[in-house]
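Reviewing the structure listed below.
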Amino acid sequence: MTRFRRLPQGGRIDRAKPVSARFDGKALGGFAGDTLASALLANDQVLIGRSFKYHRPRGLVAAGIEEPNGLFTLGEGATTEPNVAATMVDLVDGLVARTQNAWPSAGFDLMAVNSILSPLFQSGFYYKTFMGPTKGSWMFYEPFIREAAGLGKATGLPDPDRYDMRYAFCDVLVVGSGPAGLAAALTAGRSGARVVLADQDSDFGGSLLSGNDAGHEAWRIACIGELKSLPNAETCARTTVQGLYDGNLAVLVENRSHLRPDARKGEARMLLTQLRAKTIVMATGAIERPLVFSNNDRPGVMLASALRSYTNRFAVAPDKRAVIVTNNDTAYQAALDLATAGVAVTVADHRASVSADILSRAGAKGIAIFPGSGIFDVEGAKGVTRVKLGGAHAVTIECDAVGMAGGWSPVVHLSSHGGIKPKFDEAAAGFVPGGFPASHYGAGAMMGTYGLSAAIAEGSNAGASAASYAGFGKTRPVYAPEHVTDRSYAILPTWAPAYSAKGKAFVDFQSDVTIKDVKIAHQEGYRSVEHLKRYTTLGMGTDQGKTSNINALALMAEYRGITIPEAGTTTFRPPYAPLTMGAIAGRTVGAHFRPVRLSPLHDWHVKNGATFIDAGLWKRAWFYSWAGATPETAYVKEMELVRRGVGLADVSTLGKIDIQGPDAAEFLNRVYVNGFAKLPVGKVRYGVMLNDDGIVLDDGTTARISDNQFYMTTTTAQAGEVMSWLEYLLQCHWTDLNVQVASLTDEWAGMAVSGPKAREALQLAFPAEDLSNDALPYMGCKDFPFEGVTVRLLRMSFSGELAYEVHVAADYAISLWAHILKAAAPTGIKPYGLEALASLRIEKGHVAGLELDHRNTLDDLGLGKMAGKEKDYVGRALRFREDCQSPERWSLVGLELMEPDKKLRGGSILFAATDEIKGHGRGYITSVTWSTELNTFIALGLYKGGLGHEGEEIIAAFPLKNEQARLKIVSPHFIDKEGARLHA
Amino acid sequence: MMIPCPHCGDRDVSEFRYGGDASKQRPAHGTGDLKAWHDYVFLFENPKGPHTEYWQHVLGCRRWFKLARNTATNEIGGVVS
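Residue numbers (this note's numbering), protein chains in the order written: chain Y, 2 to 985; chain B, 258 to 338.
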């Protein structure tokens, strides 16, 4: 039998442009201007899917963004997009859609057995049953439950589509292009203000698009025509305003899927705009509410406004007869329009009497009206066949479709994103915005101003006010079309049905929540609407309860014996409508997920066999191919190179800060725990900084270049933090100090020359300089010109060997690096990478980022003796607070593996030999390496009581691999404790 | 949220770093009073409403400044000298 058919004429479809899409593997025909939803209905596909929990047959409920049932999976393979509302999809050639949550098909669904078992699936069923007595049962059952329920599935494949993001600015943003929005945008536009009009629909006009009045249409066309002629106005269709944020930041997402964009040509499927608007006019309209009655979810039962929209806009109407059930006058607009299209219409009106005006207009169209009646039950397994009325007129009517008119819910979402709660308005019978900040305005149905002429007047006023707020004066108002009579929108509030058969009466179609579920939630003590939502999952679907929330909270209020305002609403949060993750990510995916920092020597490393490792944002040379193919073998050879010959390493990632000014020495003396006031020119010193709380912030070195100039290096990890800290102290607190700081991290390169042959190598590279131990002793530094470029040479060591750092402006880094390797070739110099660099420092017992974890004190790291006794420094006072003095603190130890056949892992938990291996232990391993000097695994770690336990044997446990190893606590300085090599 | 940098003008919050409560007086350098430092570092009012905070235009001119911000509404009261 036929339930819906395409009308022979009318509608906003272009019959000269047929379109062919594919639906569930078969051709689906329609016309340009159709949505996927209207095309399905035009092809009499009334049953379009199965419900979420009970797998009940379902059809379309709405014609717009609020659609709860008509969700489909679009695309194929990697472009698959699940859970897309068919009402928001333009029908275009090549569109591929399929049903979801039904197997093997929507018409014959095996999971419909859930419907028979439905008493099991009431509120809290899953939790009550599967979180049951046995521990972990929920974890076991959850995957099966999600498989059986759930909506569409994401592919798990990388999304090949492209998404773009832009920033934009305007004076007036108008959200929604219905009568109020058009009037607001045009009035604001006439003032010269830069106006952006955004609408989620494919065309402008809002509710006018669903009407059939020639005068209204002329008004709409005129408004849009004038608006588009203004150079200062931008109109954005298929653009949903998803959220409003502080500072009038609106996030707009334009869907361009209908253009079938080709990512290979750089075309974006979605465009996200971060729009800064001086003022915002919200004209977001209202959404019709369903009524709750037995079997109100049968396919073919939809909103009265949807029936009207399909009939007028898409020329798709019920085949012969429709029944409309209402509690207000607005249903008659749909009834009259359907009747005009040739559909026989019966109206069941909850109200005992209907106005004479309506009776006469409806009578003229042959519409039968049953006052004081409502729907008792709906029949028809896969589509409506018959409706039984209850109340004053208990008659049975054969029909193809049912329209529900339960009143209107203003779309207050955007007005609530800033934290202002909506308030209940009795006259509007819905929640309206609870207020607006100074630069926000509301107009039309979203304010509860439903009537056409009133909405246009309010919109025009809002547009003028917004333009004026944004600094634009003169404008001309937009007037409503002539002969418009605003009719009553008052409802008879009948939330629970007064008469109902025993079928399920749904409140939320998408989440499969019935009136019984709401009742159970109430009986079990879930009083707050927020609890009701979470317990029943009401409003938690992709439609976010756009059609169900008000009915649900009204029912809850009724059960509790309180008013609707007392019950309140749940919180509205962005996004307003479902949004594909790609649109949010934009282009920040893959390699562009975060910025990449490259050393000025990067290109040399690439050409010379380096393997890279990520260190924060940096790509660092990890090891070189000359030493081996894997890090496990290569770093040991590179360590041997440094211990026995000489190696060259890139240390350009270190933070580098130029510090100048007459008070620079005093400044450094305050920020470092050790003294810098008397550091001589030509000397470099190791220093440690604390935070105000006495905890170690960072370590590094600072060289005195001249009386008033210093050169600081920080760790790679803390470079940004230290720079900001120095600026904070100078700009906010020590404003009396005459000091300037500037970051040179990216401007300068650094290279470490390390090993017993380091001096020999550098002397070959810089033969004109005297680099003898007398001329440049340990911790000495000098600047000298080399081929016209300033080279900064600092004699200091991270590895424990005789070592230097060579710093030079980044532009000269590669040529200087290559020069050193070439000139010093007789020494056997080769590059070494980060793995060897980090391992060498472990042997020497130098702390680094892994030990400086922002929880330890100077004493924890064995550095307490460095701190100046006579001077003050940041963090001094709190360094001595009671908790920091405890001998039981976790502090730095060296660790030596006692079982030669085993290996050590960083992160292992440390236990005393007699401890049970359980819990957080007494500390953990921070850094681990193979020691070429000791021929065993060694490590640094933090251990409760620290070196007080020196010589003890303890246990390192690595539960993830079920490993344990015996260790000995030793001094963290594994090599050259006297420092003879440093001073050589 | 837009923040008025005293040097660069109105900029998006993503260009800034938050620097903490600016309503308290840092003890003078050289003060060894443990209680004064303890109170300054660890005790905060965390008000709901008007507040003075440090911000740095860290991805811009790197200027540090005091800003009046309402923590309940994010309304910006402007730069405080």
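Cβ atoms here follow ideal geometry from the backbone N, Cα and C, with glycine treated the same way.
Among the options, the one whose alpha carbon lies nearest that of residue i
{"i": "G610 of chain Y", "options": "Y:A810, Y:G834, Y:Y813", "result": "Y:G834"}
{"i": "T397 of chain Y", "options": "Y:S374, Y:A491, Y:G384, Y:L72", "result": "Y:S374"}
{"i": "Q965 of chain Y", "options": "Y:A981, Y:P973, Y:M899, Y:F975", "result": "Y:M899"}
{"i": "L308 of chain Y", "options": "Y:T450, Y:I970, Y:T933, Y:A332", "result": "Y:A332"}
{"i": "A666 of chain Y", "options": "Y:S707, Y:S773, Y:V282, Y:Q524", "result": "Y:S707"}
{"i": "L187 of chain Y", "options": "Y:T236, Y:S410, Y:A169, Y:L152", "result": "Y:T236"}
{"i": "A181 of chain Y", "options": "Y:G526, Y:S461, Y:G980, Y:A914", "result": "Y:S461"}
{"i": "H441 of chain Y", "options": "Y:Y246, Y:G11, Y:T81, Y:R167", "result": "Y:Y246"}
{"i": "N213 of chain Y", "options": "Y:Q334, Y:A87, Y:V346", "result": "Y:Q334"}
{"i": "E934 of chain Y", "options": "Y:K845, Y:I918, Y:Y55, Y:P901", "result": "Y:K845"}
Euclidean distance between Cα positions of residue i and residue j
{"i": "K783 of chain Y", "j": "L795 of chain Y", "result": "7 Å"}
{"i": "W627 of chain Y", "j": "V792 of chain Y", "result": "28 Å"}
{"i": "V388 of chain Y", "j": "K505 of chain Y", "result": "15 Å"}
{"i": "L655 of chain Y", "j": "R671 of chain Y", "result": "22 Å"}
{"i": "K27 of chain Y", "j": "M271 of chain Y", "result": "27 Å"}
{"i": "T156 of chain Y", "j": "G583 of chain Y", "result": "13 Å"}
{"i": "S512 of chain Y", "j": "T543 of chain Y", "result": "9 Å"}
{"i": "S310 of chain Y", "j": "F5 of chain Y", "result": "14 Å"}
{"i": "D426 of chain Y", "j": "P284 of chain B", "result": "54 Å"}
{"i": "L228 of chain Y", "j": "M283 of chain Y", "result": "17 Å"}
{"i": "G392 of chain Y", "j": "F371 of chain Y", "result": "9 Å"}
{"i": "K978 of chain Y", "j": "D854 of chain Y", "result": "25 Å"}
{"i": "D361 of chain Y", "j": "A497 of chain Y", "result": "The amino acid occupying residue 361 of chain Y in the given sequence is Ser; Asp does not appear at that position. Approximately 30 Å, taken between the alpha carbons."}
{"i": "G443 of chain Y", "j": "K424 of chain Y", "result": "14 Å"}
{"i": "V682 of chain Y", "j": "R705 of chain Y", "result": "5 Å"}
CB of residue i within 8 Å of CB of residue j, strictly
{"i": "T703 of chain Y", "j": "M690 of chain Y", "result": "no"}
{"i": "M447 of chain Y", "j": "N297 of chain Y", "result": "no"}
{"i": "K638 of chain Y", "j": "G629 of chain Y", "result": "yes"}
{"i": "L738 of chain Y", "j": "D659 of chain Y", "result": "no"}
{"i": "Q741 of chain Y", "j": "G662 of chain Y", "result": "yes"}
{"i": "D604 of chain Y", "j": "A622 of chain Y", "result": "no"}
{"i": "R880 of chain Y", "j": "G695 of chain Y", "result": "yes"}
{"i": "D699 of chain Y", "j": "Q719 of chain Y", "result": "yes"}
{"i": "C400 of chain Y", "j": "R322 of chain Y", "result": "yes"}
{"i": "T522 of chain Y", "j": "T537 of chain Y", "result": "Per the sequence shown, residue 522 of chain Y should be read as Ala rather than Thr. Contact flag set, yes."}
{"i": "V530 of chain Y", "j": "T564 of chain Y", "result": "no"}
{"i": "V252 of chain Y", "j": "L231 of chain Y", "result": "no"}
{"i": "F432 of chain Y", "j": "S39 of chain Y", "result": "no"}
{"i": "I976 of chain Y", "j": "G952 of chain Y", "result": "no"}
{"i": "G384 of chain Y", "j": "V47 of chain Y", "result": "yes"}
{"i": "L803 of chain Y", "j": "V643 of chain Y", "result": "no"}
Start and end residues, alpha helix (DSSP H) containing residue i
{"i": "V759 of chain Y", "result": "Position check: residue 759 of chain Y holds Ala in this sequence, whereas Val was assumed. It spans 759–766 - the alpha helix (DSSP H) in which A759 of chain Y sits, taken as one unbroken run."}
{"i": "G226 of chain Y", "result": "215–230"}
{"i": "K823 of chain Y", "result": "814–824"}
{"i": "K638 of chain Y", "result": "632–645"}
{"i": "T341 of chain Y", "result": "332–341"}
{"i": "G392 of chain Y", "result": "It is not in any alpha helix (DSSP H) - G392 of chain Y instead sits in the beta strand (DSSP E) that spans 387–392."}
{"i": "T537 of chain Y", "result": "530–537"}
Cβ shell of residue i (< 7 Å), same chain only, five flanking positions each side left out
{"i": "A269 of chain Y", "result": "R163, Y164, D165, R257, P262"}
{"i": "E380 of chain Y", "result": "T386, R387"}
Own chain, CB closer than 8 Å to residue i, minus 5 neighbours either side, in chain order
{"i": "E852 of chain Y", "result": "L862, L893, T927, S928, L941, L943"}
Chain-order list of residues whose beta-carbon lies under 6 Å from that of residue i (same chain, five-residue window excluded)
{"i": "T327 of chain Y", "result": "D350, A406"}
{"i": "T450 of chain Y", "result": "A456, E459"}
{"i": "I910 of chain Y", "result": "G922, Y925, A958"}
{"i": "G216 of chain Y", "result": "P482"}
{"i": "Y687 of chain Y", "result": "T702"}
First through last residue of the beta strand (DSSP E) which encompasses residue i
{"i": "P261 of chain B", "result": "259–262"}
{"i": "D659 of chain Y", "result": "656–661"}
{"i": "P319 of chain Y", "result": "317–319"}
{"i": "N329 of chain Y", "result": "Counting along the chain, N329 of chain Y falls outside any beta strand (DSSP E), and DSSP gives it neither H nor E."}
{"i": "N327 of chain B", "result": "321–327"}
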